[in-house]
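Here the sequence shown is numbered in the working numbering, starting from 3 and rising by one per residue. Where is the CB? At the ideal position from N, CA and C, for every residue including glycine.
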Amino acid sequence: MKGQRLRLVYNPYAGRRKLTVQLDTVIRIFQESGNEVCVHRACSPEDMEQIASRSSDVDRFVIAGGDGSIHQAVNGLLKIPEDQRPALGILPVGTANDLAYALHLPKSIPEACKVIAKGNVFRMDTGQVNDRYFVNVASAGLLTDVSQKVDTRVKNTLGQLAYILKGIETLPSFRPFRIEYEKDGQQYSDDVVLFLAVNGHSVGGLRKLVPKASLTDGLLEVLIVPAAGWPETIRLLLNVLRGEKVSAEKIKEFQTTELMILTDRPIKSDLDGEYGPESSWHIKIGPKISVLC
């Protein structure tokens, strides 16, 4: 495809800055494939979202970063009417790159550029919590805010190990919370340590977490881990992390298009590794978005 207008926005701190040292190569590949390229170095997550929201003037909006950067880009793009919205391209240079994994995107930056240049469009589901969108996971509870608390320099140095170490650090101070929700006309109330609503195939680099999840089925996979005393709770969490939920009968897992969650106290949520709305939460399938893959 020729004559496409392409905007490249990059997070200069993502993934050991590996995009910055290949920036000229990226621009060259895009230009040689017929794209008119403009480049924006993001100053902050909010900057990514604002630039995306003002990108109805281009055909392709390419974000270089991890899942958090994609999250900001999608929330910006979905402010544009669908008939004016550019297709989203992804250069996966983050730590976990869960969405890139689900979309089978190459890890190599030049190869990922070539995928974007081909222009093949995939229509992907999004999720929504209150007035914010997510592409991979909405979560609350134990370990869910680890990504926000890990220093960028530590994350770039240690990768996923940084998440694990920070997660262990949060265990002693965590307090379970009560949720109330309705499913199939029946009311439920549970004390929980972890709540997940998943759109993609993996969370935080855990590839077996929700193997049945699909990016195109119009459904969210909900996973609820109850509070059961710390020894049992840790066992349940290990089952979740290993993808062995079938053997953990106390863990609740179901699919839905929409769910209202009430909590016994204000609880913060996490959307794709970024801060999400405080409870209560109206969770549902959001609009589809076009992704180049």
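Euclidean distance between Cα positions of residue 68 and residue 16:
One alpha carbon belongs to residue 68, the other to residue 16, and they sit about 7 angstroms apart.
By the three-class DSSP mapping on this structure, what secondary structure does residue 183 have?
Residue 183 falls in the strand class under three-state DSSP.
From the beta carbon of residue 49, is the nearest beta carbon of chain B less than 9 angstroms away?
The displayed structure is made up of one protein chain only, and chain B is not part of it.
According to the neighbour-count rule (16 or more other Cβ atoms, all chains shown, within 10 Å of its Cβ), is residue 272 buried or exposed?
buried
Pick out whichever of 50, 260, 293 and 295 has its Cα sitting closest to the Cα of residue 285.
260
Best match in 258, 119, 142 and 132 for proximity to residue 187 [C-alpha to C-alpha]
Out of 258, 119, 142 and 132, 258 has the C-alpha closest to the C-alpha of residue 187.
Between which two residues does the beta strand (DSSP E) carrying residue 193 extend?
188-200
Could you tell me the alpha carbon to alpha carbon distance between residue 40 and residue 197, rounded to whole angstroms?
40 angstroms
On the three-state DSSP scale, how would you describe residue 115?
helix
Taking 7 angstroms as the limit between beta carbons, can you name the residues of its chain near residue 140, skipping five residues before and five after?
Around residue 140: 129, 131, 199, 271, 273, 278 and 285.
Unbroken stretches of the beta strand (DSSP E), 3 residues or longer, contained in the stretch 250-280
254-258, 260-265, 270-273 and 276-280
Rounded to whole angstroms, what's the CA-CA distance from residue 34 to residue 98? Just pull it up for me.
Approximately 30 angstroms between the Cα atoms of the pair.
I need the straight-line Cα distance from residue 291 to residue 82, nearest angstrom please.
11 angstroms
Taking 9 angstroms as the cut-off, decide whether the C-beta atoms of residue 21 and residue 111 are in contact.
yes
I'd like the list of long-range same chain contacts for residue 2, defined as Cβ closer than 6 angstroms, with 5 residues on each side in sequence excluded.
Nothing about residue 2 can be read from this structure; the chain reaches only from 3 to 295.
If distances are taken between C-alpha atoms only, which option among 11, 73 and 100 comes closest to residue 205?
100
Compute the Euclidean distance between the alpha carbons of residue 7 and residue 38, then round it to the nearest angstrom.
5 angstroms
I need the straight-line Cα distance from residue 95 to residue 84, nearest angstrom please.
27 angstroms
In terms of residues, what are the limits of the alpha helix (DSSP H) holding residue 55?
47-55
Mind pulling the alpha helix (DSSP H) runs of 4 or more residues that sit fully within the stretch 18-105?
Within the stretch 18-105, the complete alpha helix (DSSP H) runs of at least 4 residues fall at 25-34, 47-55, 69-79 and 100-104.
Look up residue 166 in the DSSP assignment and say whether it is helix, strand or coil.
Low confidence applies to residue 166: its pLDDT is 49, below 50, so where it sits in the model is not reliable enough to give any reading.
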